[in-house]
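The structure appears below as structure tokens.
Numbering (the UniProt record's numbering), first residue to last: 1 to 507.
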């Protein structure tokens, strides 16, 4: 059976379906309207006042990992998953005779993916009128062989996979591992997930839908998401033309929770409705939404250093005998010795202390520091405590970019275990490395670390350009894969610009 995903984006048909599910669509708004550059969009048919509700989707009409009391006849997969979600995390391991594996179902994205796969394998699915409106998302890198991933430097052993923005995000999505788990479920419940329909290709289709259409509730522990919200997911993104916002209402005893799109300002007739998808990098826009913003159009683009990337780059910095950006260290600036186990222990302690957020730290090029401010800060930092850190005389910006990475390089590569233990009790989210210690070997190690990341990215770009120029190789891939690889190169180049700014600041 050919997937019916995106085959018939019909506004009237969707509106009738939405009404039956208590999804409110403002009658003065047109949905699923073709646009020049963004596929389908949402437009005002009449002037909309600030505060107007454009779309409202109740929680009961959403698809999420937390669905309960779903009729088996309506959605057999939802009821099966709800019944099988472990009540206690203490039990783990395999199961049979209709018992799903705990280790398989702990991933919320996989639960939603399995739900979509089941719905798309059922011609008479109750979700079909919505799914027929959801455009296919073929410009992705999921499901590629290791040989192909090696050609574009995204295989598991590649330094760029460990260190680049795209590589970190690609690794964390971990589509291959999700598919391996999905196959265990498919094999166990063939009546719900027919193996001849629920293939790797359908899995990738469903995963891309979740990545591009999901919403989260970060403020609700244990219920963060992902949520798929029919209707709400039709609104396009803009950083500069935002005229609407995504919000939530209700959720208490008196009113059911709803996910709403509200007008941020008056919206003129014929104007497209946009909201801001949030402070995310170009790497995420590429991997999740399959587009990139205009060059310089994303104020939130930054170098990401996940905790794993920090550990790997710190280890490589400590092991490096070649500093491509700085002269050889003097005897006075001799690098400290930190074992791999000690480095791993430091990373765990910093995670536990929440020195940065769960995703690691993000570094953007900052405005140059005013020399007078530098002098004042340097003077005040003469009164630092023994921890060599402070919350007042801090390096919020130094040499043109934010201080978080200076803190990381200092704590992970530039002090021995005894010094780290002395500092450990003073560390908090507000701790800052004082300027008095931002000197060799910290500066030298920063140059090595940034140089290693820049070198890995440059090598990856060369490999991608070689792959794109190999007609025989590219002929083995479908056209959407060609587009994805070209977009991968563009995303790397966006990251390279940020790295070049920092390299120049360090010179």
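In this text, a Cβ means the ideal position worked out from N, Cα and C, and glycines have one as well. Nothing here was measured: the structure is a model prediction, and the numbers come from that model.
Check: Taking all protein chains shown into account, decide if residue 290 is buried (16 or more other Cβ within 10 angstroms of its Cβ) or exposed.; Outcome: buried
Check: Could you have a look at residue 410 and say whether DSSP puts it in helix, strand or coil?; Outcome: helix
Check: Using the three-state DSSP reduction, which class does residue 177 fall into: helix, strand or coil?; Outcome: helix
Check: Compare the beta carbon distance of residue 206 and residue 6 with 7 Å and say whether it is the shorter of the two.; Outcome: no
Check: Which whole runs of the alpha helix (DSSP H) in the segment 409-490 are 4 residues long or more, in chain order?; Outcome: 417-424, 442-468 and 471-474
Check: Within 10 angstroms of its Cβ, does residue 38 collect 16 or more other Cβ (buried), or is it exposed?; Outcome: exposed
Check: What three-state label does DSSP hand residue 75 in the structure shown?; Outcome: coil
Check: With a threshold of 16 other CB atoms inside 10 Å of the CB of residue 36, please say whether the residue is buried or exposed.; Outcome: exposed
Check: How far does the beta strand (DSSP E) with residue 57 in it extend, from its first residue to its last?; Outcome: 53-58
Check: Can you find a C-beta in chain C that's less than 7 Å from the C-beta of residue 266?; Outcome: Absent from the structure is chain C; it holds one protein chain and no more.
Check: Give the range of the alpha helix (DSSP H) segment to which residue 317 is assigned.; Outcome: 307-319
Check: My output table needs one value for residue 215: the three-state DSSP class, helix, strand or coil.; Outcome: strand
Check: Are residue 11 and residue 32 touching if we call contact CB-CB under 7 Å?; Outcome: yes
Check: By the DSSP assignment, the alpha helix (DSSP H) with residue 291 in it spans what residues?; Outcome: No alpha helix (DSSP H) holds residue 291; DSSP gives it neither H nor E.
Check: Leaving out five residues before and five after residue 269 in sequence, what residues of the same chain have Cβ atoms less than 8 Å from its Cβ?; Outcome: 44, 45, 46 and 47
Check: Using the C-alpha atoms, what's the distance from residue 301 back to residue 280?; Outcome: 7 Å
Check: Measuring alpha carbon to alpha carbon, tell me which residue in 487, 451 and 452 is nearest residue 464.; Outcome: 487
Check: Alpha carbon to alpha carbon, how far is residue 225 from residue 336?; Outcome: 43 Å
Check: Just curious, the beta strand (DSSP E) that residue 248 is in, first and last residue?; Outcome: 244-249
Check: Assuming residue 485 contacts residue 468 (C-beta within less than 8 Å), just tell me the rounded distance between them.; Outcome: 6 Å
Check: Could you check how far apart the C-beta atoms of residue 298 and residue 239 are, in whole angstroms? I think they sit under 8 Å.; Outcome: 7 Å
Check: Going by the beta-carbon positions, is the gap between residue 56 and residue 263 smaller than 7 Å?; Outcome: no
Check: Check each candidate in 338, 474 and 458 and name the one with the smallest Cα separation from residue 419.; Outcome: 338
Check: Candidates 441, 481 and 191: which alpha carbon is nearest residue 415's?; Outcome: 441
Check: Could you tell me whether the Cβ atoms of residue 283 and residue 448 are closer together than 7 Å?; Outcome: no
Check: Which value, in whole angstroms, describes the spacing of the CA atoms of residue 124 and residue 131?; Outcome: 12 Å
Check: Quick one, are the C-beta atoms of residue 514 and residue 347 less than 7 Å apart?; Outcome: Lying outside 1 to 507, the shown extent of the chain, residue 514 is not represented and no answer is given.
Check: Report all residues from its chain with a CB closer than 8 Å to the CB of residue 459; omit the five preceding and five following residues, and keep chain order.; Outcome: 153, 159 and 160
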